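Note sheet for the following structure.
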Amino acid sequence: MSNSHLPEHIIRPEILALSAYHVPPAAGMIKLDAMENPYPLSAELRDEIAQLAANAPVNRYPDASAALLKEKLRQTLAISDDIDILLGNGSDEIIQIIAMAVAKPDAVLISVEPSFVMFRMIATFANIQYVGVPLKQDFSLDMDAMLAAIVKYKPAVIFLAYPNNPTGNLFDYAEIISILQTTSGIVVIDEAYQAFADVSFINELNHYPNLLLMRTLSKSGLAGLRLGLLLGRSEWLIQLEKMRLPYNIGIMTQIIAEKVLHHTLVLAEQAQAIKLERTKMSTFLSTIENVKVYPSKANFILFRIHAATQIFQALKQHKILIKNLDGTHPLLENCLRVTIGTPDENSQFCSTLQTILSKTV
Ligand code: PMP
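Just add 74 to the spot in the sequence shown (first one is 1) and you have our numbering.
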């Protein structure tokens, strides 16, 4: 191979500089690291799905427009006819579609920090300049900094996760509205955790022409299917649809998601159980001395604890996997994030943490 064929000479330098998104191995672990719904589907539903899967024409391409699934989503989420839906292979893919669509040579994508790391990574993939505006110490929006960044960078798009990951809080509604009113670009509200938050910007789609809303089924029990949604006015979605790869939603995802959406009551009950457990976990964590628990409207809790990295490692040795955020951002020093699991998983997490702390003190 001649020297000029080396990846260093061919791949873009900003890609060479990236580290791949790290997914830690989790076999045999109590998995409380990735905001999954801990409840499997019922045996009856799995049997029905097995039948559907057996009869699925996998030799054919799937319906490129996923019409049946979209119709079911429209009914389930009560989406009015004047709002369009775009489907993605997870909401990650939708972020990518939006970033690629707006990536003019001098375009800027703004988000806040700390937030979902894929906003920054995908900006890099799409070759669009990324600006991360730091949140305040309490993880609320720094409106002075946000408004200054909007004036300075004139962003093509602003991504805000509502609730935010990894902090779990909801930003102030009125502040987001004022961002929507100030920017001349798009604002994408990422409602990945909406099932646990009970609030939404969905009714604002009729009021703000530059608002797009993202949802996902990943946190509500279907992470393995990979299905994300973008809701917005047709003038935007007609353009973004052009960038969606024709068969991005496979046949299994289409038929299984459609089937499961007939059982939204079950999903809602699971979300309710997760919210109850969230209260219990957060009460438990607040009773530990020198632990700061941050309020959460999502299916995870962020907390700050002395020697977080050691605690994270010790939990891992006890086969409990959570997320270590220490060192990922200055505001997250000594922070850990635990996803709410089943009552049994949560009590194992709590008792193991207590054991670890009693040994380290
Ligand atoms: N947005 C936020 C805020 C998230 O935390 C995540 C998942 N961690 C996603 C989007 C991606 O979800 P999906 O599985 O739909 O790609």
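Each residue gets a CB set at the ideal place from its N, CA and C atoms; glycine is no exception. Since this is a predicted model, take the numbers as computed values, not measurements.
Asked	Found
Under 5 Å from any heavy atom of the ligand PMP, by CB: list those residues in chain order, please.	GLY164, SER165, ASP166, PHE190, ALA235, ASN239, ASP264, ALA266, THR290, SER292, GLY302
Could you pull out every residue in the same chain whose Cβ sits closer than 6 Å to the Cβ of VAL186, ignoring the five residues on either side in sequence?	VAL207, LEU209
Roughly how many whole angstroms lie between the Cα atoms of GLN344 and ALA173?	33 Å
Whose C-alpha, out of LYS178, MET192, SER421, is nearest the C-alpha of PRO229?	LYS178
For the structure I just gave you, are there three or more beta carbon pairs, one from the stretch 297 to 310 and one from the stretch 157 to 166, closer than 8 Å?	yes
Does the beta-carbon of ILE85 have 16 or more other beta-carbons within 10 angstroms, so that it is buried, or is it exposed?	exposed
Below 8 Å on the Cβ atoms is my guess for LEU285 versus ILE263; work out the distance and round it to an integer in Å.	7 Å
Excluding the five sequence neighbours on either side, which residues of its own chain have a C-beta within less than 8 Å of the C-beta of PRO81, listed in chain order?	LEU90
Could you pull out every unbroken alpha helix (DSSP H) segment of at least 4 residues lying fully inside the stretch 373 to 414, listed in chain order?	382 to 391
Output the boundary residues of the beta strand (DSSP E) element that contains THR290.	285 to 290
Taking the straight line between their C-alpha atoms, what separation do you get for GLU319 and THR327?	Strictly speaking, residue 319 in this sequence is Leu, with Glu absent from that position. Roughly 15 Å between the two C-alpha positions.
Comparing C-alpha positions only, which one of PHE270, SER370, GLU351, SER154 sits nearest to GLU278?	SER154
Please say whether VAL367 and SER356 have beta carbons closer to each other than 8 Å?	yes
Per DSSP, which residues does PRO208 bridge with? Please list them.	GLU187
According to DSSP, LEU303 sits in a beta bridge with which residue or residues?	LEU161, ARG289
Tell me where the beta strand (DSSP E) around PHE233 begins and ends.	231 to 235
Run the CB neighbour count on ASP107, radius 10 Å, all protein chains shown included, and call it buried at 16 or more, exposed below.	buried
With respect to the beta strand (DSSP E) encompassing ASP180, which residues constitute its N-terminal and C-terminal limits?	Segment: none, ASP180 is in no beta strand (DSSP E) and carries neither H nor E.
Give me the residue from LEU92, TYR95, ALA297, SER139 with the minimum Cα distance to ILE312.	SER139
Name the two residues that bound the continuous alpha helix (DSSP H) containing ASP121.	117 to 129
Going along the chain, which residues of its own chain have a beta-carbon closer than 6 Å to the beta-carbon of ALA100, five neighbours each way excluded?	LEU395
Report the rounded CA-to-CA distance for HIS79 versus GLN255, giving the unit in angstroms.	49 Å
According to DSSP, what are the bridge partners of LYS366?	ARG378
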